[in-house]
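Using the working numbering, the first residue of the first sequence is number 1, and each one after it goes up by one.
Below is one structure, written out as structure tokens; comments come after it.
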Amino acid sequence: MAYSTNEIEQKWQKFWSENHTFKAENNSEKPKYYVLDMFPYPSGAGLHVGHPLGYIASDIYTRYKRHCGFNVLHPMGYDAFGLPAEQYAIETGTHPAVTTDKNIQTYRKQLDIMGLSFDWSREVKTCDPSYYKWTQWAFIEMFNSYYDSEKNCARPIEELKAKNPELTERDLDDYRIAYLADTPVNWCPALGTVLANDEVKDGLSVRGGHPVEQKTMKQWNLRVSAYAKRLLDGLENIDWSDSLKEMQRHWIGKSVGAEVKFKVKDKNVEFDIFTTRPDTIFGVTFMVLAPESYLVDEVTTDSQKADVETYLEATKKKGLREREADQKNVSGVFTGSYAINPFNNKEIPIWIGDYVLGGYGTGAIMAVPAHDSRDYAFAKHFDLAIIPVIDGGDIEQGSYDAKEGKMINSDFLNGLEVKEAIEKTNSEVETRGLGKKKTQYRLRDAIFSRQRYWGEPFPVYFKDGEPQMLAQDELPLELPEVDAFLPTEDGDPPLGRAKNWKTSGGDPLELSTMPGFAGSSAYFLRYMDPNNNQALVDKSVNAYWKNVDLYLGGSEHATGHLIYARFWNMFLFDRGYICEEEPFQKLINQGMIQGRSNFVYRLKSDLNTFVSHGLKDQYDVQEFHVDVNIVSNDQLDMEAFKAWRPDFKDAKFITEQEGGQDVYKCGWAIEKMSKSKYNVVNPDDMVEKYGADTFRLYEMFLGPIEQSKPWNTNGIEGVSRFLNKFWNTASGELEESVPTKEELKILHTCIKKVSEDMENFSFNTSVAAFMIAMNDLSKIKSKNKSVFETLTVLLSPFAPHIAEELWTLFGHQAGISTVQWPSHNEEYLIESSMDYPVSFNGKMRFTLNLPLDWNKDQLEKAALEAEQSQKYLDGKNIKKVIVVPKKIINIVVG
RNA sequence: GCCCAGAUGGUGAAAUUGGUAGACACGCUAGACUUAGGAUCUAGUGCCUUUGGCGUGGAGGUUCAAGUCCUCUUCUGGGCACCA
Numbered sequence: 001m002a003y004s005t006n007e008i009e010q011k012w013q014k015f016w017s018e019n020h021t022f023k024a025e026n027n028s029e030k031p032k033y034y035v036l037d038m039f040p041y042p043s044g045a046g047l048h049v050g051h052p053l054g055y056i057a058s059d060i061y062t063r064y065k066r067h068c069g070f071n072v073l074h075p076m077g078y079d080a081f082g083l084p085a086e087q088y089a090i091e092t093g094t095h096p097a098v099t100t101d102k103n104i105q106t107y108r109k110q111l112d113i114m115g116l117s118f119d120w121s122r123e124v125k126t127c128d129p130s131y132y133k134w135t136q137w138a139f140i141e142m143f144n145s146y147y148d149s150e151k152n153c154a155r156p157i158e159e160l161k162a163k164n165p166e167l168t169e170r171d172l173d174d175y176r177i178a179y180l181a182d183t184p185v186n187w188c189p190a191l192g193t194v195l196a197n198d199e200v201k202d203g204l205s206v207r208g209g210h211p212v213e214q215k216t217m218k219q220w221n222l223r224v225s226a227y228a229k230r231l232l233d234g235l236e237n238i239d240w241s242d243s244l245k246e247m248q249r250h251w252i253g254k255s256v257g258a259e260v261k262f263k264v265k266d267k268n269v270e271f272d273i274f275t276t277r278p279d280t281i282f283g284v285t286f287m288v289l290a291p292e293s294y295l296v297d298e299v300t301t302d303s304q305k306a307d308v309e310t311y312l313e314a315t316k317k318k319g320l321r322e323r324e325a326d327q328k329n330v331s332g333v334f335t336g337s338y339a340i341n342p343f344n345n346k347e348i349p350i351w352i353g354d355y356v357l358g359g360y361g362t363g364a365i366m367a368v369p370a371h372d373s374r375d376y377a378f379a380k381h382f383d384l385a386i387i388p389v390i391d392g393g394d395i396e397q398g399s400y401d402a403k404e405g406k407m408i409n410s411d412f413l414n415g416l417e418v419k420e421a422i423e424k425t426n427s428e429v430e431t432r433g434l435g436k437k438k439t440q441y442r443l444r445d446a447i448f449s450r451q452r453y454w455g456e457p458f459p460v461y462f463k464d465g466e467p468q469m470l471a472q473d474e475l476p477l478e479l480p481e482v483d484a485f486l487p488t489e490d491g492d493p494p495l496g497r498a499k500n501w502k503t504s505g506g507d508p509l510e511l512s513t514m515p516g517f518a519g520s521s522a523y524f525l526r527y528m529d530p531n532n533n534q535a536l537v538d539k540s541v542n543a544y545w546k547n548v549d550l551y552l553g554g555s556e557h558a559t560g561h562l563i564y565a566r567f568w569n570m571f572l573f574d575r576g577y578i579c580e581e582e583p584f585q586k587l588i589n590q591g592m593i594q595g596r597s598n599f600v601y602r603l604k605s606d607l608n609t610f611v612s613h614g615l616k617d618q619y620d621v622q623e624f625h626v627d628v629n630i631v632s633n634d635q636l637d638m639e640a641f642k643a644w645r646p647d648f649k650d651a652k653f654i655t656e657q658e659g660g661q662d663v664y665k666c667g668w669a670i671e672k673m674s675k676s677k678y679n680v681v682n683p684d685d686m687v688e689k690y691g692a693d694t695f696r697l698y699e700m701f702l703g704p705i706e707q708s709k710p711w712n713t714n715g716i717e718g719v720s721r722f723l724n725k726f727w728n729t730a731s732g733e734l735e736e737s738v739p740t741k742e743e744l745k746i747l748h749t750c751i752k753k754v755s756e757d758m759e760n761f762s763f764n765t766s767v768a769a770f771m772i773a774m775n776d777l778s779k780i781k782s783k784n785k786s787v788f789e790t791l792t793v794l795l796s797p798f799a800p801h802i803a804e805e806l807w808t809l810f811g812h813q814a815g816i817s818t819v820q821w822p823s824h825n826e827e828y829l830i831e832s833s834m835d836y837p838v839s840f841n842g843k844m845r846f847t848l849n850l851p852l853d854w855n856k857d858q859l860e861k862a863a864l865e866a867e868q869s870q871k872y873l874d875g876k877n878i879k880k881v882i883v884v885p886k887k888i889i890n891i892v893v894g
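Following this line, the structure appears as structure tokens:
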């Protein structure tokens, strides 16, 4: 019987949908298990072949868990607010909601044809008012809460007010979890919007090439920093990869040190610095302020004013990204003032340097060039003093950064080890009242305002300039209609265009919207109880599902979404709305399927002219991604390029010669597949051509789930052949007899391997195990029905359609997903024959491979037999027998 | 500059975690069946100067034994907030 993929797959997808096969119940006798995929942003390009990698893997695991008797929650939804839809709206006038809806439909269709077993009754969309009602609700809760550092949790702001009646509304802003504050941003006047560092290149906006400036604006912030310690400590108790935890630890950035006060000579000014190396206090030879420090104005002397201003101007132009990347060029300027070292009263020059960042610590450091490489470079460049205070380095060669050695040149610290010196200095600092021990985190508060249209409106209005929260029964505050998706003439965000954007009482509403991560920070909770009108999630429902058992997604979210979601979840936990502090118990990062991107090069001087790859070095150009679908063999279809985007319709090209023709050659690179890189390949064609089961199996067979690799379809024929073979045999005439020992060995080897792989997420080797089993069975011409029945159950998470079809062909009732997962029997796997010696390296020793369960005596007896046979020993004698644990004997011959 | 990950045949990759390197596939070669083959089956396939030798990016080291552990190094991918 021929295997018609389309017919079978459609039949079973319809069956699952009509029977609500994968609907999870909120209460069940069964144990619960929650498998979650990071929900996608529905981009216009549709799903690419990288998305399914994770979805298929999680679906396989989900189906496996169902076979194991769990009540599995496996939902899907859409992270539907976002910039691309808004950008598209600006370009075309199409409302982002329309674009988003259309994209979601495409996504849904693509997801459906892959046979993924989602419970679609729980679908959420972050742009849906009934969903973002709860995003707004959480924001209000955050505004009405503060972080109680004694109890180490968030509490209602009312409690703080009651305890400290003297606090004004203004003062409370310093405590609220959500608060309004002056925040520096990248402002692009031409676009009338704030840009991410990512959207700025060489001081110009990536989109349009307009100048960008640093500007301070009132923005909503979330006090994520209050949770730094808990976000760090919480990592101990969750099952994430070490590398991912490491990334988060690094991001949170705990450092233990001391805050020390320095006075400025001849000025009534003093300032704090934070250092992790208080032991080196006698090695301080200068101080460095961040260019954006408020102290700069206060300490700069009249004679140095001009130099300082020149330097500040230059720094401003550099931009943050550039400052980070450019580390070879040391730059700085002297302020003219001196600080006093509180321990020896020495005068130390105060400099300004852009290697010190305003946003971290106090924005000022004490520089110890002898023991810090960046300070050393600075000192060498400006010819400042270098005093070694730890024995062991050579200040002519470079700084000695290691935290070990004996103290020298350090007064009361002399002779101590570094560790002791740190302790001693810390206690001296405190007894002398010069400062205090301090643990510093570099995790910063999250800026929560966006001057955009397509996001959640803030549930905020202003009365006499003071922010007020809407009442809960006024939620959701729905996104208003606007006549254009651009900022207003006055530079207000797009919501400034909305008519009647005010409360019923006539007070103006907030014009900013929330950022992308707002909607994705609690969606995993909403899936538990998606239609609840009274709460984000009902407490008893939350008590059943608790948190996500397995979360699957890309590691690019390591420090963004995964920090914010943990923060958001911890906050809701503190306020008693949910029962688990950590949202994601186990996390697996799927690797990125990389694409092959193409680039064009635009003249900076003429934004309509593009230079071919071979000539680009002769011009000053900016690099852009171009759609790989209008490039072939790295050669650009120039007409298609003009039609590709409206702003390129008059594009001109500087071409190069190839094969006697003028062509435009594109640059290329292997990188992440994403819409913004225009290198997307869709899965639809694959499914269309080979069927969903083959596509699923192939994506798993490609390699380990965590590994990144460029997409290619070279091996898909192999899995396709395997499925055909399996189908042909299993759907043919089978024998209803007791399986032979040989058949059982093949079957149980496969059960064991696949079951182990399930727990290790090693699906590529499972696919291999199926192929081996199939090959072995076909070698012995096995057509045993019970063997194929069991294999079909094993295969059903991977290739569910074909498995369901076979299951009914075998005469069972439809619904293989509830069949008990088979367990293997070790008895069938033990080797009965002794097979030795198996190898001999010809010189000094040989190795015997022997059964696992042999004891030492048996092993030695085998060695002796080998010796007596002399067959493999080439006339040499056994010198030593070494019994290595488990299964190997080494016999050294000489 | 810093952090994380990685490097194994022509290709994607396995390797019980220190124990026969290259499972399983793709591709390729030969053959069978066939009007045909982009269907199916069978056999072969790491490399070389092939009675043998060499092989897991490179150089050392530990070990009876190293893809696996240690030191140094080169390259590739990803991330970054110079974190004092």
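Glycine included, every Cβ here is placed at the ideal spot set by N, Cα and C.
On a predicted model such as this, the values are computed, not experimentally measured, just so you know.
For Tyr88, collect the residues of the same chain with a Cβ closer than 8 Å to its Cβ; drop the 5 residues on either side in sequence, then sort them by chain order.
The residues Gly44, Thr94, Pro96, Thr99, in chain order, have a CB closer than 8 Å to that of Tyr88 in the same chain once the five nearest residues on each side in sequence are set aside.
Suppose you measure from the CA of Leu636 to the CA of Phe573; what does that come to, to the nearest Å?
Note on geometry: alpha-carbon atoms of Leu636 and Phe573 lie some 54 Å from one another.
What are the residues that DSSP puts in a beta bridge with Asp307?
DSSP lists no bridge partner for Asp307.
Locate the alpha helix (DSSP H) running through Arg444, then write down its first and last residues.
For Arg444, there is no enclosing alpha helix (DSSP H), as DSSP gives it neither H nor E.
Sufficient close CB pairs (3 or more, under 8 Å) joining the region 47-56 to the region 577-594:
Because the criterion of three Cβ pairs below 8 Å is met, the region 47-56 and the region 577-594 touch.
Do Ile578 and Asn542 have their C-beta atoms within less than 7 Å of each other?
Asn542 is positioned such that its CB atom lies closer than 7 Å to that of Ile578.
Mind checking Arg63: buried by the 16 CB within 10 Å criterion, or exposed?
By the beta-carbon neighbour count (other beta carbons within 10 angstroms, threshold 16), Arg63 is buried.
By the three-class DSSP mapping on this structure, what secondary structure does Val900 have?
As shown, the chain starts at 1 and ends at 894. That puts residue 900 outside it, with no answer to give.
From the DSSP output, in three-state form, read off Ser337 for me.
Residue state, collapsed to three classes: strand.
Are the beta-carbon atoms belonging to Lys438 and Glu309 less than 7 Å from one another?
Taking 7 Å as the cut-off, the Cβ atoms of Lys438 and Glu309 do not count as close.
According to DSSP, residues forming a beta bridge with Gln585
Bridge partners of Gln585 according to DSSP: none are assigned.
Would you call the region 209-222 and the region 180-188 in contact, with 3 or more CB pairs under 8 Å?
By the C-beta criterion, the region 209-222 is judged to be in contact with the region 180-188, since at least 3 inter-stretch pairs fall below 8 Å.
Of the choices Leu111, Ile60, Asp128, whose alpha-carbon is the least far from that of Asn531?
Of the candidates Leu111, Ile60, Asp128, the one whose C-alpha sits nearest the C-alpha of Asn531 is Asp128.
Whole angstroms is fine: what's the gap from Phe262's alpha carbon to Val269's?
Cα-Cα distance, rounded: 9 Å.
Asp173 in three-state terms, based on DSSP
Looking at Asp173 - three-state DSSP - the assignment turns out to be coil, as it is neither helix nor strand.
Contact check, Ala379 vs Ser293 under 8 Å by CB: the rounded distance?
Actually they are not in contact, since the Cβ atoms of Ala379 and Ser293 sit about 20 Å apart, beyond 8 Å.
Just the C-alpha distance for Ala471 and Lys689, rounded to the nearest angstrom, thanks.
C-alpha separation (whole angstroms): 54 Å.
Can you pull the DSSP bridge partners for Ser255?
Gln440, per the DSSP bridge assignment.
Thinking C-alpha only, which one of Lys649, Glu581, His625, Asn679 is nearest Asn963?
Outside the shown range of the chain (1 to 894) lies residue 963, about which nothing can therefore be said.
Decide if Lys843 is buried, meaning its Cβ has at least 16 other Cβ atoms within 10 Å, or exposed.
Any reading at Lys843 is ruled out, since the residue's pLDDT is 32, under 50, leaving its predicted position unreliable.
Determine the extent of the beta strand (DSSP E) in which Glu213 is found, giving its start and end residues.
Start and end: 213-222.
Inter-residue Cα distance where the pair is Pro278 and Glu236
The alpha-carbon atoms of Pro278 and Glu236 are separated by roughly 29 Å.
Which listed residue (Gly506, Asp79, Ala558) has its alpha carbon closest to that of Asp242:
Ranking Gly506, Asp79, Ala558 by Cα distance to Asp242 puts Ala558 first.
Taking just the CA atoms, how far does Phe343 sit from Thr911?
What the structure shows of the chain is the stretch from 1 to 894, and residue 911 is not part of that stretch, so it cannot be assessed.
Indicate, with yes or no, if the ligand SAM has a heavy atom lying under 6 Å from the CB of Ser293.
You won't find the ligand SAM in this model; it holds no ligand whatsoever.
Beta strand (DSSP E) containing Thr193: first to last residue?
Start and end: 193-195.
Alpha carbon to alpha carbon, how far is Pro515 from Phe15? Give it in angstroms, no decimals.
The straight-line gap from Cα to Cα measures roughly 39 Å.
Contacts around Glu7, its chain only, beta-carbon distance under 7 Å, and the 5 residues preceding and following it disregarded
Hits under 7 Å: none found.
Residues sharing a beta bridge with Met407, DSSP
Partner(s): Ile390.
Ser796 burial status per 10 Å Cβ neighbour count (16 or more: buried)
Answer is buried; the Cβ neighbour count reaches 16.
From the DSSP output, which residues share a beta bridge with Asn533?
Asn533 is not bridged by DSSP to any residue.
Can you name, in chain order, every residue of its own chain whose Cβ lies under 8 Å from the Cβ of Ser832, other than the five neighbours on each side?
Residue placement at Ser832 is flagged as unreliable, the pLDDT there being 38, under the threshold of 50; the coordinate-derived value follows with that caveat. Closer than 8 Å at the Cβ level, and outside the excluded window around Ser832, lies no residue.
Which same chain residues, not among the five before or five after Asn19, have their C-beta less than 6 Å away from its C-beta?
Cβ neighbours of Asn19 beyond the five flanking positions: none.
Have a look at Ala162 and Val681 and give me their C-alpha separation to the nearest angstrom.
Their backbone Cα atoms lie some 59 Å apart in a straight line.
In the DSSP assignment, what are the bridge partners of Thr740?
Partner residues in a beta bridge of Thr740, as assigned by DSSP, do not exist.
Going by beta carbon distance, what residues of the same chain come within less than 8 Å of Ser743, once the five residues before and after it are set aside?
Here residue 743 turns out to be Glu, not Ser, going by the sequence shown. Excluding residues up to 5 positions away in sequence, Leu777, Ile780, Ser782, Asn784, Val787 lie with their Cβ nearer than 8 Å to the Cβ of Glu743 in the same chain.
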